[in-house]
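Worksheet: one structure, shown below.
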Amino acid sequence: MSILKIDGLSAGYGPVRVLHDLDLEINPGERVGLVGLNGHGKTTLLSTIVGLTGWQDGSIEFRGEQIGGRRSHGMGRTTPHIVRKGIALAPQGDAIFPGLSVKDNLDSGAYSGATWRSRRRRRERILEIFPPLAKLLGQSAGTLSGGERRMVSVGRALMSDATLYLVDEPSLGLAPKISVNLVAALCEIDLGDGAMIIAEQNLPLLEGRVDRVLGMHAGELKLDVGEALGDVPPAAGVHL
Amino acid sequence: MIEVLISAAVLASMYGLVAIGISFTWASIGMLNLAQGFIFTAGGYTAWLFAQYAEVWGITGPALSVGVLILGMGGSAIAGLLVGSVAFLPLQDRANFRTRSLIATLAISLIGTQLWLIFFGPQNKPLPPVFGEGRIEIGAGGISYQQLGTIIVASGMLAAVIFWMRSSRHGLQMRAMMMNPLGAAVVGVSVRTTGMRVLAISGALTGLSSVLLAQIFFVSPTSGTQPLVTGLIISLAGGLGSIPGTVAAAGLIGLAEALTARYLQQSLVPFVLFGIVVLILIFRPRGLGGLLEDVRE
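Protein chains in written order, with this note's numbering: chain A, 2 to 241; chain B, 733 to 1029.
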């Protein structure tokens, strides 16, 4: 059974339609790159999966269970419910808790009952993935640098017992060297039967590291990544 | 002087509990709960009803005291949930939630006062002394059991709530929601469930304050108004959402009220309190705690 099966999904905000009748299937153990330019719907797709878009219409099956459907108001109302089924999102803009310590920020990711009891072991694992966080555990998250904040945000998502990890633009706004390390770390994590979608503008960061790369252009998925990135110079050039 | 300080500490503990409730509610769900006075009276009347039946059932001594305290908190917690189900759950993800819930809680507060008048009449209802009668003499001054009990129970309860907020899963969840509602939703914290929990806890703190205040004054349909106003003053002065700020402001406002009542006139108290809050807000617009400044994005 596929982990995620999206059929005919449209979504947007108010009168604006961002996603157009989109289909997508993700299988267990898969790490998928979602590549496309700014404003073409990568973030909207990841947000819609957890019900964070203004409106949405279409089927989203997570491990055979319907979590999509038609919804036109109450943005975010279903999100906690969906997240607790086993989907973890590291959102754009990080959405960390600035007044809480790094440790509390990470622990908040292990929110659901059974996961909470094993939070110490999980935190140790995150510190292995992101060693720089070890020294910062007691520090307030609002005082961190951009790269450290991103590690906290991604680390918080990894703290959960999720089957599907959604990582939105891990390299956004980071120095090249830091983003390379971060994405490499993400791509080395053992997913087991789980899956991961990494949305990224910077194709070279993902190439050779993920199982499959999908292009996203004007709210539609393209197998041809070149088309998604359009005629502009390689996204890497935009970034570096 | 000692008497003034003791009186200040007693006032600070009682009003501090109400203020912490208002502050928590504002920081976590963005609702300025003007029905806190109604919640306050609900606890007082629940405790009073219990005290009436306790007499019939022959409950006295410590059991009566504990019962009055617990039922006062319970009654207010339930009133908090009631306010939440009317003013929070139906409005929470609509536009202008802050304004709408402000109006809704104001309405509950007005309707509530009338309901108390209908059910209990305008007479003042006394509560039995929870901490017993008597006083301890210290040097020139002294402290009554009631004052000592109020300070100990209020600060103990506050310390327990703060400890729980800092160490438990549900506490972390509330602090997370105060900092970043989107982040909280993303890790699976439901604003609605957590919001109701916050309202119940804020209610329980207010109910405790109600029982403690009824040791000095009485329970009456309008007895919640003054604690609501003082609670709002303290939570504004402390910086909405900041626990250390609210505790500091409670101490300051309690002291100001005690000094004014002792050396000037009881009727000047509101002027002095509002004067202080205006001064604080001029120099520190986010209040003493100033938490929201670094925290809300």
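All C-beta atoms in this analysis are idealised placements derived from N, C-alpha and C, irrespective of residue type, glycine included. Just so it is clear, the structure is predicted and the values come from calculations on it, not from any experiment.
| CA-CA distance, residue 976/B and residue 888/B? | For the purposes of this step, residue 976/B is taken as the residue at position 244 of the second sequence. For the purposes of this step, residue 888/B is taken as the residue at position 156 of the second sequence. Spanning the two alpha carbons is a distance of roughly 15 Å.
| query | Between 203/A, 195/A, 110/A, 193/A, which lies nearest to residue 171/A when the distance is taken from Cα to Cα? | reply | Taking the first residue of the first sequence as position 1, residue 171/A is located at position 170. Minimum Cα distance to residue 171/A is reached at 203/A.
| Interface partners of residue 139/A on chain B, CB under 9 Å | Taking the first sequence and counting its residues from 1, one reaches residue 139/A at position 138. Neighbours of residue 139/A on chain B: none; closest Cβ ~13 Å, over 9 Å.
| field | Classification of residue 41/A by the beta-carbon crowding that lies within 10 angstroms, buried from 16 upward | value | Numbered from its first residue, the first sequence carries residue 41/A at position 40. Flag for residue 41/A reads buried.
| task | Could you check if residue 774/B is buried or exposed, using at least 16 other CB atoms within 10 Å of its CB as the buried criterion? | result | Working through the second sequence from its first residue, we reach residue 774/B at position 42. Answer is buried; the Cβ neighbour count reaches 16.
| query | In terms of residues, what are the limits of the beta strand (DSSP E) holding residue 14/A? | reply | Taking the first sequence and counting its residues from 1, one reaches residue 14/A at position 13. Start and end: 5-14.
| field | Partner residues on chain A for residue 759/B, Cβ-Cβ distance less than 7 Å | value | As a working mapping, residue 759/B is identified with position 27 in the second sequence. Neighbours of residue 759/B on chain A: none; closest Cβ ~10 Å, over 7 Å.
| Which runs of the beta strand (DSSP E) fall wholly inside the stretch 122-180 of chain A and span at least 3 residues, in chain order? | 165-169
| Bounding residues of the alpha helix (DSSP H) (the contiguous stretch that carries residue 924/B) | Within the second sequence, numbered from 1, the residue matching residue 924/B stands at position 192. First-last of the alpha helix (DSSP H) with residue 924/B: 923-945.
| Which ranges would you report for the alpha helix (DSSP H) in the stretch 753-801 of chain B if only whole runs of at least 4 residues count? | 768-789
| query | Looking at chain B, which residues of the stretch 69-85 of chain A have a Cβ within less than 8 Å of any of its Cβ atoms? | reply | 74, 75, 76, 77, 78, 80, 81, 82, 84, 85
| field | Bridge-paired residues (DSSP) for residue 214/A | value | On the first sequence, position 213 is the one that residue 214/A refers to. Answer by DSSP bridge pairing, in chain order: 34/A.
| query | If you drop the 5 nearest sequence neighbours on each side, which residues of the same chain put their C-beta closer than 6 Å to that of residue 946/B? | reply | Translated into the one-based positions of the second sequence, residue 946/B becomes position 214. Contacts found: 776, 859.
| said: Does any residue of chain A have a CB that is nearer than 8 Å to the CB of residue 994/B? | reply: Within the second sequence, numbered from 1, the residue matching residue 994/B stands at position 262. Closer than 8 Å: no.
| query | At a Cβ threshold of 8 Å, is residue 157/A touching chain B? | reply | Here residue 157/A corresponds to residue number 156 of the first sequence, with the count starting at 1. Closer than 8 Å: yes.
| With a CB to CB cut of under 6 Å and the five nearest residues on each side skipped, what residues in its chain are close to residue 135/A? | One-based indexing of the first sequence puts residue 135/A at position 134. Cβ neighbours of residue 135/A beyond the five flanking positions: 128.
| Span separating the alpha-carbon of residue 779/B from that of residue 78/A | Stepping through the second sequence from its first residue, residue 779/B is reached at position 47. Stepping through the first sequence from its first residue, residue 78/A is reached at position 77. Approximately 37 Å between the Cα atoms of the pair.
| message | Which same chain residues end up closer than 6 Å to residue 32/A when comparing Cβ atoms and leaving out the 5 residues on each side of it in sequence? | response | Stepping through the first sequence from its first residue, residue 32/A is reached at position 31. Result list for residue 32/A: 197, 211, 212, in chain order.
| query | At least one CB of chain A closer than 8 Å to the CB of residue 922/B: is that the case? | reply | Position 190 of the second sequence, counting from 1, holds the residue named residue 922/B. Yes, because at least one Cβ of chain A sits closer than 8 Å to the Cβ of residue 922/B.
| Selection of the stretch 95-110 of chain A by Cβ proximity to chain B, strictly under 9 Å | 95, 96, 97, 98, 99, 100, 101, 105, 106, 108, 109, 110
| With a cut-off of 8 Å, does the C-beta of residue 172/A fall near any C-beta of chain B? | As a first step, residue 172/A is located in the first sequence; it is residue number 171 there, counting from the start. Judged by the 8 Å Cβ criterion, residue 172/A is not in contact with chain B.
| Close-in-space but distant-in-sequence residues of the same chain around residue 62/A (CB under 6 Å, 5 per side omitted) | The count along the first sequence starts at 1 and reaches residue 62/A at position 61. So the qualifying residues of the chain are 6.
| Of all Cβ atoms in chain B, is any one closer than 8 Å to the Cβ of residue 119/A? | Translated into the one-based positions of the first sequence, residue 119/A becomes position 118. No, no contact with chain B.
| query | Is the CB of residue 907/B under 8 Å away from at least one CB in chain A? | reply | One-based indexing of the second sequence puts residue 907/B at position 175. Interface residue, yes.
| query | So, does the CB of residue 917/B fall closer than 8 Å to a CB anywhere in chain A? | reply | Within the second sequence, the letter at position 185 stands for residue 917/B. Yes, because at least one Cβ of chain A sits closer than 8 Å to the Cβ of residue 917/B.
| said: So, with DSSP's three-state summary, where would you put residue 200/A? | reply: Mapped onto the first sequence, residue 200/A falls at position 199. Looking at residue 200/A - three-state DSSP - the assignment turns out to be strand.
| message | Just to make sure I have the definition right: I need the residues of chain B whose C-beta is within less than 9 Å of the C-beta of residue 14/A. Which are they? | response | As a first step, residue 14/A must be located in the first sequence, where it is residue number 13. In chain order: nothing, as chain B lies at least about 14 Å away.
| request: Give the interface partners of residue 215/A over in chain B, defined as CB-CB distance under 7 Å, in chain order. | output: By 1-based counting over the first sequence, the position of residue 215/A is 214. Here the premise fails: no neighbours, minimum Cβ distance about 23 Å.
| message | Suppose contacts are defined by Cβ-Cβ distances below 8 Å. Is residue 771/B in contact with residue 938/B by that definition? | response | For this step, residue 771/B is matched to residue 39 along the second sequence. For this step, residue 938/B is matched to residue 206 along the second sequence. Yes, the pair counts as a contact, with Cβ atoms nearer than the cut-off.
| Using a beta-carbon distance below 8 Å, is residue 90/A in contact with chain D? | The chain inventory of the structure shown lacks chain D, comprising the protein chains A and B.
| Whose CA, out of 1012/B, 734/B, 1013/B, 1011/B, lies closest to the CA of residue 868/B? | As a working mapping, residue 868/B is identified with position 136 in the second sequence. Comparing Cα-Cα distances from residue 868/B to each of 1012/B, 734/B, 1013/B, 1011/B, the minimum goes to 734/B.
| field | chain B residues whose Cβ lies nearer than 7 Å to that of residue 166/A | value | In the first sequence, the residue the question calls residue 166/A occupies position 165. Going along chain B, no residue has its Cβ under 7 Å from residue 166/A, so there is no contact; the nearest lies around 12 Å.
| query | How long is the line joining the alpha carbons of residue 915/B and residue 150/A, rounded to whole angstroms? | reply | To locate residue 915/B, count along the second sequence from 1; it is residue 183. To locate residue 150/A, count along the first sequence from 1; it is residue 149. Taking the straight line joining both Cα atoms gives about 13 Å.
| Any Cβ of chain A within less than 8 Å of the Cβ of residue 897/B? | Taking the second sequence and counting its residues from 1, one reaches residue 897/B at position 165. So no, residue 897/B is outside the interface.
| said: So with CB distances below 8 Å, who are the chain A contacts of residue 830/B? | reply: Against the second sequence, residue 830/B aligns to sequence position 98. Residues of chain A passing the Cβ test: none, with the nearest at roughly 17 Å.
| said: For the pair the stretch 52-60 of chain A and the stretch 135-145 of chain A, tell me if three or more CB-CB distances fall below 8 Å. | reply: no
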